[in-house]
Amino acid sequence: MQIFPFVVVVWILAMGLYGIVTSRHLVHLIVCLIVVQSSTYVLLLAVGYKTGAVAPYFSDVPNHTPAVDPVVQALALTDVVVEAAVTALLLAFAIQAHKRFGTLDPHELVQLKG
Amino acid sequence: MTPGQRRWVFGAGMAGLAAFLLWGLTGLPGFGNYPGPYGDIINRVAVAQTNATGVVSAINFSYRGFDTLGEEFILFVAASGMAIVLRHLRGEREYAPTDEAVDRHVPPTSEAIRMVALILTGPTVVMGWYLASHAQTSPSGGFQGGVVLATAFVLVYLAGRFLVFERISPVDVTDAVEALGAGGFAAVGIAAVAMGLPYLTNFLPRGTIPGAVSSSGTIALISFFVGVEVGAAFILIVGELLDQTLLLREGSG
Chain A
44 MQIFPFVVVV
54 WILAMGLYGI
64 VTSRHLVHLI
74 VCLIVVQSST
84 YVLLLAVGYK
94 TGAVAPYFSD
104 VPNHTPAVDP
114 VVQALALTDV
124 VVEAAVTALL
134 LAFAIQAHKR
144 FGTLDPHELV
154 QLKG
Chain B
1370 MTPGQRRWVF
1380 GAGMAGLAAF
1390 LLWGLTGLPG
1400 FGNYPGPYGD
1410 IINRVAVAQT
1420 NATGVVSAIN
1430 FSYRGFDTLG
1440 EEFILFVAAS
1450 GMAIVLRHLR
1460 GEREYAPTDE
1470 AVDRHVPPTS
1480 EAIRMVALIL
1490 TGPTVVMGWY
1500 LASHAQTSPS
1510 GGFQGGVVLA
1520 TAFVLVYLAG
1530 RFLVFERISP
1540 VDVTDAVEAL
1550 GAGGFAAVGI
1560 AAVAMGLPYL
1570 TNFLPRGTIP
1580 GAVSSSGTIA
1590 LISFFVGVEV
1600 GAAFILIVGE
1610 LLDQTLLLRE
1620 GSG
């Protein structure tokens, strides 16, 4: 059981990469990139988890209650924001690619350039 | 390369990568056995040092404040980058979108959508402000609050039309608000330097009650500025994308 979250991490990463490799549409490809990045959230939160511990918020529990690692949670938060920014920028590139080449299929984009 | 070959090459590579990853990850302390010590130390000292009961916010806006400043500027640069990438190209004119299929009846926005969007707008604004201003006490903060605030503007778009969205969030004003949020964060840090303290030192009084809204000094202030910045950045991003629906290339339209 202790290895299960890490198997999930590898599985999400593999599925996202599979989607990127076989993608026929740039927007689908961008969504697959988000899936790849999601694996990092699971990994970060899994690494910091402590069995039986509470969330690192001490508003209603005594100060020395065992809590999970707040550092990885802060990193996951950073991760989410950067992902949103990167996604927005990539979608803008997809719009421009469609304007210039009239297609969103990565294979056709390569042919047009060659 | 045919799609079939591509899948085989990927399958072989991915099998290797997955094996290596699993090998490495199984070497970590198992799930639920966090070994520390950083998280444990911060959990022990953060409330006493900052008077913020939300330790994640204390890390984001105080202990790792400098990293968060960089992260905030990633969002700032991404929003600016989108505006540059989506600038009007030569030969592009702005049109009201015309219906290409003239024989098709286009239904107006349904009353149900308008109603739900209007009902949700007020609570969404309140929720966004609540999240942005309570980083120090509960699981919230400027990043979450800013996104929720931007959602309120999207709801107005759903209830009305794009022109309304543009009227309530003109690009110039949103730009200025975004700059104010990003600059405010940096200015809080510089204010500490002006007082002879290291950059981003928490120089404000931290209150006496841990977890009170007025406690935690600059953590609450920085979270507020981040909320303003993130909200404005997402409104700009949504606006840029919606703006594209009004663009037609000369010749194609």
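Protein chains in written order, with the working numbering: chain A, 44 to 157; chain B, 1370 to 1622.
We put the beta carbon where it would ideally sit given N, CA and C, even for glycine.
Quick caveat, the model's predicted, so the values are computed rather than measured.
Item, Value
"Proximity to B/ILE1578 [Cα-Cα], best of B/VAL1546, B/ALA1481, B/ALA1388, B/ASN1420", "B/ASN1420"
"Residue range of the alpha helix (DSSP H) that includes B/HIS1457", "No alpha helix (DSSP H) contains B/HIS1457, which DSSP labels as neither H nor E."
"Given B/ASP1544 as reference, the closest of B/PHE1603, B/TYR1526, B/ILE1428 once Cα atoms are compared", "B/PHE1603"
"Candidates B/ASN1412, B/GLY1408, B/GLU1440, B/LEU1590: closest to A/HIS101 by CA position", "Here residue 101 of chain A is Phe; the residue named in the question, His, does not match the sequence. It is B/ASN1412."
"Distance between beta carbons of A/LEU87 and B/ASN1429, contact taken as under 8 Å", "Wrong, their Cβ atoms sit about 14 Å apart, outside the cutoff."
"Assigned secondary structure, B/ASN1402 (DSSP; H/G/I helix, E/B strand, else coil)", "strand"
"Contacts of B/GLU1440 in chain A (Cβ-Cβ under 7 Å)", "THR121, VAL124, VAL125"
"Cutoff 7 Å; reference A/VAL51; Cβ partners in own chain excluding five residues on either side", "VAL85"
"C-beta atoms of B/GLY1408 and A/ASP103 nearer than 7 Å", "no"
"Through-space distance from B/VAL1517 to B/SER1449, alpha-carbon basis", "21 Å"
"One or two residues paired with B/ALA1581 in a DSSP bridge", "Answer is none; B/ALA1581 lacks a bridge partner."
"Nearest-angstrom Cα separation, counted from B/THR1490 out to B/LEU1524", "6 Å"
"Cβ contact check for the region 1497-1508 of chain B and the region 1585-1595 of chain B: 3 or more pairs under 8 Å", "yes"
"Buried or exposed by the 16-neighbour rule on C-beta atoms within 10 Å, applied to B/VAL1424", "buried"
"Helix, strand or coil at A/TYR100 according to DSSP, with G and I counted as helix", "strand"
"Limits of the alpha helix (DSSP H) - the one that B/ALA1314 falls within", "The structure shown does not extend to residue 1314 of chain B, since chain B is modelled only from 1370 to 1622, so the question has no answer here."
"B/PHE1572: first and last residue of the uninterrupted alpha helix (DSSP H) it sits in", "No alpha helix (DSSP H) contains B/PHE1572, which DSSP labels as neither H nor E."
"Interface residues of chain B facing A/SER102 [CB-CB closer than 7 Å]", "THR1422, THR1506, SER1507, GLY1580"
"Short CB-CB distance (under 7 Å) between A/GLN116 and chain B", "yes"
"For B/GLY1401 and A/PRO109, the rounded distance between their alpha carbons", "12 Å"
"B/GLN1513 burial status per 10 Å Cβ neighbour count (16 or more: buried)", "buried"
"Selected residue, minimal CA-CA separation from B/PHE1389, among A/THR130, A/PHE49, A/VAL153", "A/PHE49"
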